[in-house]
Structures are given as structure tokens and as C-alpha cells.
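J.:
Chains as they are written, first to last, in this note's numbering: chain A, 7 to 95; chain B, 166 to 560; chain C, 1370 to 1690.
#1: Quick one: does residue 1623 (chain C) have its CB under 8 Å from some CB of chain A?
#2: Can you pull the chain B residues whose beta carbon is under 8 Å from the beta carbon of residue 19 (chain A), in chain order?
#3: Less than 8 Å between the CB atoms is what I'm expecting for residue 196 (chain B) and residue 1444 (chain C), so what's the real figure, rounded?
#4: Can you check whether the C-beta of residue 261 (chain B) is within less than 8 Å of a C-beta belonging to chain A?
#5: Hey, would you say residue 217 (chain B) sits closer than 8 Å to residue 267 (chain B), going by beta carbons?
#6: Examine chain A for any beta-carbon lying closer than 8 Å to the beta-carbon of residue 594 (chain B), and answer yes or no.
#7: Determine whether the Cβ of residue 275 (chain B) lies closer than 8 Å to any Cβ atom of chain A.
#8: Considering residue 18 (chain A), what are the terminal residues of the beta strand (DSSP E) in which it resides?
#9: Examine chain A for any beta-carbon lying closer than 8 Å to the beta-carbon of residue 324 (chain B), and answer yes or no.
#10: Just tell me which of B:497, B:527 and B:376 has its CA closest to the CA of residue 436 (chain B).
#11: Using the Cβ count rule (16 or more neighbours within 10 Å means buried), how would you classify residue 1635 (chain C)?
#12: Going along the chain, which residues of its own chain have a beta-carbon closer than 7 Å to the beta-carbon of residue 1376 (chain C), five neighbours each way excluded?
#13: With a CB to CB cut of under 6 Å and the five nearest residues on each side skipped, what residues in its chain are close to residue 87 (chain A)?
#14: Just by C-beta distance, which residues in the region 62–89 of chain A are closer than 8 Å to chain C?
#15: Could you check how far apart the C-beta atoms of residue 364 (chain B) and residue 236 (chain B) are, in whole angstroms? I think they sit under 8 Å.
#16: Take residue 1562 (chain C) and list the residues in its own chain whose beta-carbon comes closer than 6 Å to its own, dropping the five residues that flank it on each side.
#17: Relative to the alpha-carbon of residue 132 (chain B), which residue among B:198, B:253, B:265 and B:261 has its alpha-carbon at the smallest distance?
#18: Roughly how many angstroms separate the alpha carbons of residue 1653 (chain C) and residue 1662 (chain C), rounded to a whole number?
#19: Taking the straight line between their C-alpha atoms, what separation do you get for residue 7 (chain A) and residue 21 (chain A)?
#20: Using a C-beta to C-beta distance shorter than 9 Å, which residues of chain C count as neighbours of residue 26 (chain A)?
#21: Could you tell me which uninterrupted beta strand (DSSP E) segments, each at least 3 residues in length, are contained entirely in the region 483–541 of chain B, listed from first to last along the chain?
#22: Can you list, in chain order, the residues of its chain whose CB lies under 7 Å from that of residue 54 (chain A), leaving out five sequence neighbours each side?
#23: Against residue 10 (chain A), what residues of chain B qualify as contacts under a CB-to-CB distance less than 7 Å, listed in chain order?
#24: Can you look up residue 327 (chain B) in the DSSP assignment and give me helix, strand or coil?
#25: Determine, using beta carbons only, whether residue 1449 (chain C) comes closer than 8 Å to chain B.
#26: Checking contacts by CB at 8 Å: is residue 51 (chain A) closer than that to chain C?
#27: With a threshold of 8 Å between beta-carbons, can residue 57 (chain A) be considered close to chain E, or not?
#28: Provide the residue(s) that pair with residue 33 (chain A) in DSSP beta bridges, ordered along the chain.
#29: Going by C-alpha distance, which of C:1387, C:1430 and C:1449 is nearest residue 1424 (chain C)?
#30: Using a Cβ-Cβ cut-off of 8 Å, state whether residue 1348 (chain C) counts as contacting chain B.
#31: Beta-carbon separation of residue 1510 (chain C) and residue 1624 (chain C) under 8 Å?
#32: Report the residue from B:559, B:244, B:398 and B:260 whose alpha carbon sits nearest the alpha carbon of residue 333 (chain B).
#33: With a 10 Å radius around its C-beta and 16 neighbouring C-beta atoms as the bar for buried, classify residue 1451 (chain C) as buried or exposed.
#34: How about residue 78 (chain A) and residue 1566 (chain C): do their beta carbons lie closer than 8 Å?
#35: Give the interface partners of residue 1405 (chain C) over in chain A, defined as CB-CB distance under 7 Å, in chain order.
#36: Considering only the alpha carbon of each residue, which of C:1522, C:1683, C:1498 and C:1599 lies closest to residue 1547 (chain C)?
Below you can see the structure in the form of C-alpha cells.
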């Protein structure tokens, strides 16, 4: 770690990305591109900002580095485009 | 040079105004109420361009002060006694977050029982908070310390808040002639608050007030402590620069008549004036007695105190507060700790006087001297703490 | 000797892999529970507020999970001081920006959990509202002191079990009804008060933007009460968070409304529910109500409490399907 800052200020925005919460998962969301209608609801509901929207492909993409496998995206998807599977390590 | 007669509160408010604070969040409490009243008048008349925030409690006053200071504003406020206690947790936080807030404290007794008069308990109970602490003797000193507070606190080598203590009623409400420093000179002396480390700005999204685990907390505290101790040097520099600019000399402690003194009295705050009178009287009667006044309690002036006191046979420390159950006065305990490993040390006696606004008289200091003399004869103090002017018949 | 200086990412020893063009204002890697409702609320609020925003927040789940030194999930200026004073700290930020003439179009927001808002932070909140600061206060409400392990708060609804209002042989759990925080805030006669929840992001974001616009126009303080289910504290599956907030609205347990000014007669329901689901639908998947579901008397009591509130707000009757 670098020397501590004055007053414990964190100077780097978004530095929480250093910690890969993907290691928390026991279930994993599988994104089925063919069924994705790009409604963006999964993006709205991800607590971890782990889903991004690919504007060119018009599909939702998950970052497994950070996905905690909560399953909200799969439950909320109205098009069965996301299913949960067991995480195999 | 403009001289005006004013109360201590007005002096601190004026001292603050001269430094052009940006934000003043304040809550009324006896005896400091006149400070926010004056500030509100300055703002209402356009004499001070500041945001005066009438918060709903002292805790919110310090919270708002922290928010404002972290946004890059120069901030000050005033409180006393119960108000200082209510914001107690925020005092530690302001210091830990390294925010140079300046606060006037009308040193007043703490409840219970409720008492609005002069006492050092409020300031003493905040010794550990990481604030630079001044205890002033006169209204002039109170005004000047507000200016010095900004100068010292905002120094990039310090960045710790300071509190300027002035005795309730004896200073806060008493009229004294005060020299008003030149605005231009003050502008030059304190400059503008220009924080590099901490300011909220959308172009620099920083996180202020993070959560530190056992992995890093000790290091933050070590730095805070080191900065406070090293601030002693910054304070000396600031005092020297103040003397050069404004012609008045201050020091962390002031030693008077101590070189040949057998007994030295140690005081803080307005009681110093009475002690000085008593000493003049006693010197005239041939007694070799001296005076050390402590103006800066934090950072603790260890070096200076050892230097000033080591030659005496006995040191009588007069505390205007208690640490209940410690059996000696708080300032006395600090001085005792200072000498603990010194090869030569005087006998150190603890006296408690003037609690809850009971006047400390010349005769009281004469009694202190008497008791100290008796202890020297005996070879040890008779009591752990001598209570001066206590009404024995009531207890 | 540490000097105050502008730190760069190198000096703080970080290398952050932030993909190019990423606009998230609330980043991944925070330590919130899987399925945390508060984090979803924060994301939606931040998306509505935008990068020109400063936040003052109080101690709680969010603060602890997102800012462990030396990391931070936040991409806007952010300050935390203590538990009971995000409104007071935000007041200071607002005053400073005004004094330094740096406010411009910047949003100043105060965030707090239900603990730091309904209870310990209530005084500071009331003070901030009354002084008319141009601040939007957002309370993300998970109905208990969750960060310290699920203790009862004045936000805890009747019948819920918490660690300090536990169900037991002599107790049905929390005995008091939920404090109507939004109505109390509205009585301060402020610029804008609203309730929202995460299942309705469009409604939530619209309300946040309305509030921030009122701040920009100098109309004074605004307040948004967001219901944020908590898998850990409410004892439900992590995937049910959003569905539960939807059920809260569909059963009339949580009503989405907004109000400008202080006259509740002008209150407008923004999500009208014409046919309510029975309250059991909302309670049955939450472990904290498992003892209530088995108890017909208490269930009826809760249904009656919800019915009364819904009548007051003009929400439709229960229709069992």
C-alpha cells in the first residue's frame, strides 16, 4: 500500500474496482444473447454495476469479475434471456 | 491603531470577522451567544460576506462546519460548556479529517448541576480531541488568538482545528480596551484558505471520511499526533510573525519572575491577572515567587515548561477543572507527567480553585503560596489536591 | 512529514481498470450484500442526478461497504462525517458553495439510511429542511439498523422481527407502526417530497430529477423516501429484492406519491393501484414476518392497518385473485 493520505481521503474515484467481488458467487447468470430484447431492466436492477449495455450489439453484458450472483437480473428479465447456473470453480 | 472598548465575545467575533470567514454555522449558548449575534449583525449590514447558518444544535454546528470546511471554505464558530460537549464526537472527527476550523470557546462549567459561570472543564474535557488549544487571559489575547488560530490551523504543515478559550463572563462579558488590528495587515497575515488536500469539487471526485480498519487506523492516528506535536514549531513561527506585524508578543507559556523563584504558580486563563497581582504583593514582602501562564495547552509545551519550572523548589498548579477520581487536577497531572523522568524536578502540588465561577482572589493565591511553603517545610504535600476557597461548612 | 498536496492515483498506489467510456457514477467492487436494495437505489438515484453532484452521507451500510480505505466506489465528490448528521454536513457544503460562489448547477444531496434519518438524524434533517437549503435528501429505507445487525428502528413496520424487537413467546415482534417519515417531512412545507422504490426506476428517477430541478431553481429542500428491501435483514432470497419492492406497492404497503409544498390534500399518487393484492402476498416471502403469516389475528391486523392507510391515500381495495 502507498503512504496514507492526509485525513484518510480516497483520491481515486471508483477504486473499489480493485476488489473483484466475483469471487463471492455461488450461482452465475448466463446471458442468452439471442433472447435479449435490450429492455435494459437488468442494467437498472444490478446492485453491483456489473451489467453494461453494449449499444452496438444492443445486448446486455455481464462482468463476471464483479457479479455476486444475486440472481435479480435473471428473476426480473421478462424474456428468459438470463438463467442462473451453479458456479463451478 | 484603533482602540475600542468591547466584551471578550465581541473581540472574538471581531477577530473572526477580520479573517473573512466564508461560513459561520452557530448555535447560541451562554456565555458565547454574543459571538453569533455579532456575526449575524456583520452579515446583515454587509460588513461580512459570509454564509451564517443558524443550525439547530451545536452538534449540527460542528457538522456543518466540517461540511463547509471540506468544501474549501474558511470556517469558524463559537460555543461553550454543554454545547462543546454535545459536539464532542464531531471534535475528534474534525481533527481526524484534518479540517482547519477555528472555534471560540467561552470556558464555562459543565452540568450537573447546571452552572453558566467561568470554569475550564469544557476545554479540559476536549484535550484529547486533536484540537490546538489556546487559553486566553485578556480580551485582546482572545481577539488575537482567533487570527492566529486561522494562521496556524490552515498552515499546510498543520491542518488541525483550533479552539480559543476565553473565560465565561470574566472575559466574554467584561469590557476591556482592545486594539483592533488593521484589516490590510490581517489580510496579509492570514491570506486566503487554499486547501490542496481537501475540497469538494465535481472536477475532482474525492471520497472524504472513509472507513479505516486495524490495518491503517494506527498510522492515521500516529500522523495526527505527530502533526500536532510538530505544530509547536509552526505556532512559534506564527507568534513571531504576529509580533512583527501587530506588535504584540505571545508565547506558548509565559514565565514571569521565575529565574530566582522558590515557588512558581502555574495558571491558565483570566486567573493569571489576579495571580500576577498577588505575586507583586508577595515579592514586595520578600517572597521569591514566580508565575508561569500556559497559553497553549495543545500541543503541550513540554520543553518550555521543563525549562521554566525545573529550577524551582516547588510548583503550585492551579486547576480550574477536575478529572473526577484522578485525585489531582488535570493540568497538574500533565505537568507531573512532564517531569516524571527528569533528573531534577520540583515538588509539584495540585490546587483546585474557581470552579463554577467562584472568584479566585488575591488572598487565594496567597493561600496557595502558604500551603506550598508549608509542604516544602514538611518535605511533601499534605494533600493530593488542595481545594481553595471551599466552603467546608456546606459539605 | 506528510504535506497536504494533490494526490494522484499513482501516489495512492492504485491502478484502476476502468473500461473506456464507462459512465457509472457508482462503481463495482463494493462490499454490499448480494442483492442489496440500497445499492440498486443508489445506482438509480445517481443515474438521475448525474456527475455534477456532491453527496454528504451518514454512517451505515452504504458508507461502510463502499468506502473502505483506500478504496471508494464513488465517482462524485463525497463526504461522510458521522451517523446523525448527513443533513447538517450537507448544509455546510451548501453554505460553502454559496459563500465561495461555486454552486452553479451542481446538485447537493444528502443520503441517509432509515436509522440515520428517522431516528438519530431526525433533528439534523428537520433543521436542514426548515432552513431551506437547496439540498435533496434521499433516505434509502430498509426498515431497521441493518449495518449493526438488524436492530429495530422507528422505520420498522408492525410485526417485523428484529434483533431488538424479536418475536417470542410474549412478543409478535415490532409493536409500533412505521413512522410516516415522508408525511412528517412534508409538514415542513418544503419544495418537494416524494416516495419511490427500486421496482419503478422511471418513477424514481423522475422524482429525483424533479427534486434536483427545484433545488436548481432555489425553491429549497426536497426529500425522497426510497423503500429498499434487504435480503439479509428481511430474510428473503437475494434475487427477490426488486420483486419485493414491487409487491410492497402492489399490496398498498408502500404508496408512491409526491407533493409540492406542505398541504397533504395536494398529494398526488404516482402509481395508482386500483386492485390491491392482499398483504399476505408481500409478507409471505420475508422471513422477518414468518411468525405473522401463521397468525391469522395479526395478519388481519396488518391488513387493516394497510387498508386504513390506503383509504387515506385513495388506493384501491384488496381484490383476491
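Yeah, the Cβ is synthetic: ideal placement off N, Cα and C, and Gly gets one too.
T.: Concretely, from the data shown:
#1: no
#2: 370, 371 and 372
#3: Residue 196 (chain B) to residue 1444 (chain C), Cβ: 46 Å. No contact.
#4: yes
#5: no
#6: What is shown of chain B runs 166 to 560, which leaves residue 594 (chain B) out entirely.
#7: no
#8: Premise fails: residue 18 (chain A) is in no beta strand (DSSP E) and is neither H nor E.
#9: yes
#10: B:527
#11: exposed
#12: Low local confidence applies: a pLDDT of 44 at residue 1376 (chain C) is under 50, so the model's placement there is unreliable, with the coordinate-based value given in what follows. Around residue 1376 (chain C): no qualifying Cβ.
#13: 38, 41 and 42
#14: 69, 71, 72, 74, 75, 76, 77, 78, 80, 81 and 82
#15: 6 Å
#16: 1551, 1554, 1555, 1592 and 1628
#17: Outside the displayed range of chain B (166 to 560) lies residue 132 (chain B), so it cannot be described from this structure.
#18: 6 Å
#19: 13 Å
#20: 1397 and 1398
#21: 512–517
#22: 27, 72, 73 and 74
#23: 381, 384, 385 and 388
#24: strand
#25: yes
#26: yes
#27: No chain E is present in this structure, whose protein chains are A, B and C.
#28: A:92
#29: C:1449
#30: Coverage of chain C is limited to positions 1370 through 1690, which leaves residue 1348 (chain C) absent and any answer about it impossible.
#31: no
#32: B:244
#33: buried
#34: no
#35: 53
#36: C:1522
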